[in-house]
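Per full-length UniProt numbering, residue 1 is the first one in the sequence shown, and the count goes up by one each step.
See below for the structure under consideration.
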Amino acid sequence: MVQFLAWLSPRWSHLQKSQLIFSLQNDIRPPTLDIADSAAKTRTELHIKTTEKKINKARTKLRGACKKGSYNEITKALDSILNTSLEANLANDIQAAQQILSSIEENESLDLEHKILNYAALVAFVVNRLGFFPLPTILKKIKRLTPQQRDGMGPEAFLDAVVDAVKPFAKVLPGLMPLFVKQQDGDFETIPKADAASKEWAEEFIHETEKKIDKKRRKLHKACEEKSVELITKSLLKIKRTPSRLVLVKEVEAAQIILKALTQDDSILNEPKEPNGSESSSSLASLNESKVMSNKITAIEEKNVVQAAVHKFTTIALMCLETNPLYPVADIMSQTKTSSVDTLFRDEFVARVVVHMKKDRRLKYIKDPHGRAAFMLSDKEGIESNNAVETAIQAQVTIFTAYALKTLEKIQYYHVANIHGQIKTSPVGGMKKEDFIACVVDRMKLNKQFNYTMDPRGNPAFKLASFKSTESSQFADSLLDSEERKGCHSAEAPNASVGSANMAAYFQSVMQEESIIKEAMKAFEAEAMKALETKLCLC
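Structure (structure tokens):
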């Protein structure tokens, strides 16, 4: 055995601690060995599998710690690998982890100002590439820092400092999800450089976000290709609820053009036929007459079903309003699982029911404090309950107006959260606390002494009118609200009657619609190519 090891030592590598670790030299190719002993072969294969599992487990743990950027976790993972038999197999991962540790140590040695500038550089880097950066995402990253790494500052205060530092390049767009967006006159050539770890994180975030945007683009494109009104509408609403709306502007415009072309009334088919006395048009006249009869039957059935639903839900609404101030339109939607008319989608059917209910003088169509559609009793029938609600609301408005004016003498913002904290329950029976507070806030918005705005963190607040108010357009809500209004208007539009001037005019309209759709589809292809070219340039 001693002679064998003496012969083997120049040909095989190193000895670590008390373990003999063999590794093949590159220039030696030993002959294939046949292991006659099946038990030894089994033990060897089992040892290989066990070792591979240990290597993969250690690699996963180390990479997870590096992804989190946690100094303690990276150090702990490295300690469990170094000076073991696994070290040689994980050399590249160990080197990468040590570089991240060096970067973290360098950051911790920086003063507070440099740390804030590093986060500002991170925000500016992402905004420059994507056009936006969700404010909650950077806040979540800041919260992962220890109090020592933030020099004792709270996460919100640290974020405020980052918002101030990034102002030359980006501004905060308030909304359901506040966003950093580009300043129109921002000079991105003067962006400070982020450290290596922050830049690596930003690249991964941008990559994942672009994948999500591409997925939404493909879904919208497919819906437009299929000419599905329902799928196009759903895709548009999903896009408008997310930051991707800021990137997919051209695609959304093209989809809206296609949607308009698909949903506009086929008025030429629905006009009565005017006889011209020519024999060549007799077959067209016969065809139109059959269409007239078929469409008339469908229209009558549709009208009867809608009227039955209107009677049902009007009765339910009046019964509900005997004990409650509002009857939500959402209740009609929840009780209507499917459309009772084959030619209408569920949303269209409910929209028609609501349009007819609006005409009932006993009901008044409104938007509740959260912007949700609802019915209440008309002024004549609901005057007593309305007076009680009005008195309670006005009393609280007076109190909180005084509080706000007193507070704003010393600080810049009076937060709506203060009102939520002081009003424990709603003083109006049958009205939720949140709805009551929303009424109070809406009434305070009418006071010319205040400007309703958002603070740098996106929290709703009041400022004195003398201050310059922050941009406070609720982008996502306004878009959705405008869509809802469009839906209501289209539902109110009377159905065109049946018939047509002639079939030639019909085919001409179809060709025109196809032309509009083809032109709009070109926008998808152009934007997809732009996105691809941008990615190729950055690679």
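The beta-carbon is built from N, C-alpha and C at its ideal position, and this holds for glycine as well.
Owing to the predicted nature of the structure, the values given are computational and were not obtained by experimental measurement.
Buried or exposed by the 16-neighbour rule on C-beta atoms within 10 Å, applied to residue i
{"i": "Gln307", "result": "exposed"}
{"i": "Val166", "result": "buried"}
{"i": "Asn56", "result": "exposed"}
{"i": "Gln396", "result": "buried"}
{"i": "Met319", "result": "exposed"}
{"i": "Arg485", "result": "Reliability fails at Arg485, whose pLDDT of 43 lies under 50, so the model's placement of it is uncertain and the value that follows must be treated cautiously. Arg485 comes out exposed."}
{"i": "Ile74", "result": "buried"}
{"i": "Leu130", "result": "buried"}
{"i": "Ser334", "result": "exposed"}
{"i": "Leu122", "result": "buried"}
{"i": "Ser38", "result": "exposed"}
{"i": "Ile94", "result": "buried"}
{"i": "Pro174", "result": "buried"}
{"i": "Thr453", "result": "buried"}
{"i": "Asp455", "result": "buried"}
{"i": "Glu471", "result": "Caution applies to Glu471, whose pLDDT of 37 falls short of 50 and renders its modelled position unreliable; the value that the coordinates give is listed next. With fewer than 16 Cβ atoms within 10 Å of its Cβ, Glu471 is classed as exposed."}
{"i": "Glu251", "result": "buried"}
{"i": "Leu46", "result": "exposed"}
{"i": "Leu178", "result": "Just to set this straight, residue 178 is Pro in the shown sequence, not Leu. Counting Cβ neighbours within 10 Å, Pro178 comes out buried, since at least 16 surround it."}
{"i": "Gly458", "result": "buried"}
{"i": "Ile239", "result": "buried"}
{"i": "Pro325", "result": "buried"}
{"i": "Leu237", "result": "exposed"}
{"i": "Val163", "result": "buried"}
{"i": "Tyr414", "result": "buried"}
Best match in the options for proximity to residue i [C-alpha to C-alpha]
{"i": "Gln394", "options": "Ala157, Asp151, Lys212, Pro427", "result": "Pro427"}
{"i": "Gln99", "options": "Glu200, Thr84, Met444", "result": "Glu200"}
{"i": "Asp435", "options": "Ala392, Ala254, Tyr414", "result": "Ala392"}
{"i": "Lys424", "options": "Glu204, His415, Ile437", "result": "Ile437"}
{"i": "residue 540", "options": "Leu248, Ile257, Asp160", "result": "Limits of the chain in this structure are 1 at one end and 539 at the other, which puts residue 540 out of reach."}
{"i": "Leu405", "options": "Lys448, Lys141, Thr60, Pro147", "result": "Lys448"}
{"i": "Pro243", "options": "Lys463, Glu210, Gln256, Arg150", "result": "Glu210"}
{"i": "Ile206", "options": "Phe169, Leu220, Glu87, Asn128", "result": "Asn128"}
{"i": "Ile411", "options": "Leu135, Ala461, Gly429, Ala254", "result": "Ala461"}
{"i": "Phe313", "options": "Pro328, Lys445, Ala170, Leu117", "result": "Pro328"}
{"i": "Ile257", "options": "Arg241, Lys303, His221, Val247", "result": "His221"}
{"i": "Ala465", "options": "Asp164, Leu446, Val310, Asn459", "result": "Leu446"}
{"i": "Gly69", "options": "Glu225, Thr51, Asn451, Ile142", "result": "Ile142"}
{"i": "Glu204", "options": "Lys115, Val126, Leu139, Glu348", "result": "Val126"}
{"i": "Arg362", "options": "Arg43, Asp368, Glu348, Leu377", "result": "Leu377"}
{"i": "Pro192", "options": "Phe450, Ala124, Thr137, Met153", "result": "Ala124"}
{"i": "Leu112", "options": "Tyr365, Gln148, Ala91", "result": "Gln148"}
{"i": "Val172", "options": "Ile138, Ala197, Gly154", "result": "Ile138"}
{"i": "Phe450", "options": "Glu156, Lys432, Ala417, Thr401", "result": "Thr401"}
{"i": "Leu101", "options": "Val229, Asp195, Leu326", "result": "Asp195"}
{"i": "Pro168", "options": "Ala157, Met153, Gln184", "result": "Gln184"}
{"i": "Phe133", "options": "Asp151, Lys182, Gly64, Ser228", "result": "Lys182"}
{"i": "Pro369", "options": "Asp360, Lys303, Cys439", "result": "Cys439"}
{"i": "Val354", "options": "Ala223, Ile316, Thr323, Thr51", "result": "Ile316"}
{"i": "Lys54", "options": "Ala77, Lys67, Asn72", "result": "Ala77"}
{"i": "Met153", "options": "Ile332, Ala254, Lys115", "result": "Lys115"}
Beta carbon proximity, residue i to chain D, threshold 7 angstroms
{"i": "Asp214", "result": "Protein chains in the displayed structure number just one, and chain D is not present."}
One or two residues paired with residue i in a DSSP bridge
{"i": "Lys171", "result": "Val181"}
{"i": "Phe375", "result": "Tyr327, Tyr365"}
{"i": "Phe345", "result": "None; Phe345 has no bridge partner."}
{"i": "His47", "result": "Paired residue(s): none; His47 is not in a bridge."}
{"i": "Tyr414", "result": "Phe462"}
Where the alpha helix (DSSP H) containing residue i begins and where it ends
{"i": "Met454", "result": "Taken as a continuous stretch (DSSP letters only), Met454 belongs to no alpha helix (DSSP H), being part of the beta strand (DSSP E) at 450-454."}
{"i": "Lys337", "result": "From DSSP, Lys337 is part of no alpha helix (DSSP H); its letter is neither H nor E."}
{"i": "Leu145", "result": "No alpha helix (DSSP H) holds Leu145; DSSP gives it neither H nor E."}
{"i": "Lys463", "result": "From DSSP, Lys463 is part of no alpha helix (DSSP H) but of the beta strand (DSSP E) over 460-464."}
{"i": "Ala165", "result": "155-165"}
{"i": "His207", "result": "196-226"}
{"i": "Met444", "result": "433-445"}
{"i": "Glu230", "result": "229-240"}
{"i": "Glu251", "result": "249-263"}
Unbroken beta strand (DSSP E) runs of length 3 or more, entirely within the segment 82-140: which are they? 132-134
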